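Those letters in the sequence shown? Residues 21 to 162, per the working numbering, in order.
See structure below.
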Amino acid sequence: MIIGSLALAAAGAFTGASLYVNYVEQPARLALSDDALIKEWEPSDHRGFILLAGLAAVAALFGFIAYRELNDVRWALGALVMLATWPYTYLAIVPLNNRILALIGADAAHEARKVIDLWGRLEIGLTGIGLVAIAIFVWAAS
């Protein structure tokens with residue numbers, strides 16, 4: 021059962037980090053000037069991507085191990101939901117990342133601000149996926 025608790029903890033860490041991006045970092049970022057915004061966005065985005073992708077992978081790994089040990093499909097379901105953050109990120113967020121990087125390279129900071137705002141709204145989807153995974157892991161643990 022310890023491994024299931026680790027899956028739940030990792031899903032909680034993922035969701036907490038995602039909430040932080042949405043409700044602390046993104047509003048602070050958007051309050052910056054255009055030049056400061058684009059200087060802050062790129063390194064922050066790369067670090068955040070690694071953190072969230074890693075936490076999703078750890079939660080999924082622990083979920084699959086708990087499924088194997090406990091033979092309870094709910095753990096596998098929670099793990100699959102955590103892995104769903106990867107295609108969501110690839111299909112919804114990465115194209116915006118590439119667009120923002122192109123705008124930064126073209127010195128179009130004002131246009132980049134609009135796309136970064138949209139990026140932040142799509143990032144909320146990761147929080148939603150994390151909340152669903154937490155609910156499934158809590159269900160499996162009960």
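Quick reminder that beta carbons are idealized off the backbone N, C-alpha and C, glycines included.
Predicted model only: the values in this text are computed from it and were never measured.
Exercise. Exposed or buried, SER38, counting other C-beta atoms within 10 Å across all chains shown (16 or more means buried)?
Worked result: buried
Exercise. In angstroms, rounded to a whole number, what distance separates the CA positions of LEU151 and ALA132?
Worked result: 29 Å
Exercise. Where does ALA51 fall in DSSP's three states?
Worked result: coil
For this session: Could you pull out every residue in the same chain whose Cβ sits closer than 7 Å to the Cβ of LEU111, ignoring the five residues on either side in sequence?
Result: none
Exercise. Which value, in whole angstroms, describes the spacing of the CA atoms of LEU72 and ASP92?
Worked result: 26 Å
Exercise. Could you give the residue range of the alpha helix (DSSP H) that holds ILE154?
Worked result: 129-161
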